[in-house]
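Here the working numbering is used: the first residue of the first sequence is 2, the next is one more, and so on.
Every residue gets a Cβ at the ideal spot worked out from N, C-alpha and C, and that includes glycine.
Owing to the predicted nature of the structure, the values given are computational and were not obtained by experimental measurement.
Some notes on the structure that comes next.
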Amino acid sequence: MPELPEAETIRCQLEGEIVGAAVRRLQIHDRRVARAHKSPEDLTALVQGRPIVGVGRRGKAPLLFLDGERPATLVFRLGMTGLLRVVPSDEPLAKGTVAALVLTGGKHLRFLDQRRFGSMVAYPTREVDRTPEFEHYGPEPFSGEFTAEYLKSAFSRRSAKLGIVLMDQRVIAGIGKIYSDEICFRAGIRPGRSAGRLTGPMRERLWQATREVLSEGIDCRGSSARDETYRDIYGIPGTFQERMFVYQRTGEPCRVCGAPIRRTPIPGGRGMHWCPKCQK
DNA sequence: AGTTGGACCTGACTGC
DNA sequence: TGCAGTCAGGTCCAAC
2 MPELPEAETI
12 RCQLEGEIVG
22 AAVRRLQIHD
32 RRVARAHKSP
42 EDLTALVQGR
52 PIVGVGRRGK
62 APLLFLDGER
72 PATLVFRLGM
82 TGLLRVVPSD
92 EPLAKGTVAA
102 LVLTGGKHLR
112 FLDQRRFGSM
122 VAYPTREVDR
132 TPEFEHYGPE
142 PFSGEFTAEY
152 LKSAFSRRSA
162 KLGIVLMDQR
172 VIAGIGKIYS
182 DEICFRAGIR
192 PGRSAGRLTG
202 PMRERLWQAT
212 REVLSEGIDC
222 RGSSARDETY
232 RDIYGIPGTF
242 QERMFVYQRT
252 GEPCRVCGAP
262 IRRTPIPGGR
272 GMHWCPKCQK
């Protein structure tokens, strides 16, 4: 599923492909993609006719910065299975296409989403951190604001399991199931441990592991594991799955110590993967 | 306030 | 072969 490394890969690739073009039209192929707006027309009105002056990212969400009489931002919430593809305008519509931005210069930016958990939202501002969507978001993992000291205050009074707190976007922006499991493994900490009960050295290792794992994810252009549909904007899978130690490896031997990887169910019908010997 | 659980959604997989 | 049931999770919302 698209998390920070996947969204960052998309951001970086879009930058070279669509900045400078304008949105001629927004075609909505599934109305649900605009459900955050009063109507699909409300969304298209905010987007159509505007030049794309930049591409950004906040947490797991790629952003398009739009110019016009009033600056705007288009947010792609990719959900579980959302993908962006840049294709020639005559490319046939692929199954699962929920929207298409028709760009000047003969390209389409297509939004595909098998499970329809994703959506698009446009805000009449470029200061996304002031929108209700992002105002309570935690720091970006690669910002100076994200430190081991920050984790101390963010984890205090949090009795919930580390594996869950790491995915809380108000604590750190951009981490989901895959990278949460892998970060906990690299830090040598069980995801079932209460976040508020980490020691100082543990928070230090967690801080380091967060940056290392997310950097590797970006270097790999994201992860496209077994049941995942993630592809980059050219349709190419990422390779981070080849470097996973625990995610979706239940029962398989740990790559470090050989112990069978465990899976612990967590609320919401999900699971945390961890090694009983390498993680304390 | 923090935490939990249901709803949304659909392809892949399992079992009869 | 085929159909019903289960699973996976990001995010929002209601309820402890």
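- Listed in chain order, the non-local C-beta contacts of residue 116 below 6 Å within the same chain comprise 81, 82, local neighbours out to five positions each way being set aside.
- Contact between residue 75 and residue 121 holds, since their C-beta atoms are separated by about 6 Å, short of 8 Å.
- Residue environment analysis places residue 95 among the exposed positions, since fewer than 16 neighbouring C-beta atoms fall within 10 angstroms of its C-beta.
- Boundaries for residue 31: no alpha helix (DSSP H) harbours it, and the DSSP string shows neither H nor E there.
- Residue environment: residue 235 is assigned as exposed (fewer than 16 neighbouring CB atoms within 10 Å of its CB, all protein chains considered).
- Straight-line spacing of the CA atoms in residue 266 and residue 205 works out to 27 Å.
- Here DSSP, grouped into helix, strand and coil, assigns residue 52 to strand.
- When the Cα atoms are used, residue 246 and residue 278 turn out to be separated by approximately 13 Å.
- Short of 7 Å from the beta carbon of residue 57, and not among the five residues preceding or following it, lie these beta carbons of its own chain, in chain order: 12, 64, 66.
- Leaving aside the five residues that flank residue 16 on each side, the residues in its chain whose CB is nearer than 7 Å to its CB run, in chain order, 56.
- Annotation for residue 157: 197 place their beta carbon closer than 8 Å to its own, counting only its chain and skipping 5 residues before and after.
- Beta-bridge partners assigned by DSSP to residue 24: 104.
- Contact between residue 22 and residue 51 is absent: CB atoms are separated by about 10 Å, not below the 8 Å threshold.
- Rounded to whole angstroms, the separation of the alpha carbons of residue 185 and residue 123 is 35 Å.
- With a minimum length of 4 residues, the unbroken runs of alpha helix (DSSP H) contained wholly in the region 175-237 fall at 178-188, 201-220.
- For residue 146, the CB contacts under 6 Å within the same chain, skipping 5 residues up- and downstream, are 140 in chain order.
- In this model, residue 230 and residue 97 are separated by some 11 Å (Cα to Cα).
- Taking C-alpha positions only, residue 99 is separated from residue 224 by approximately 22 Å.
- The beta carbon of residue 244 lies closer than 7 Å to those of 217, 221 in the same chain, with the five residues before and after it left out.
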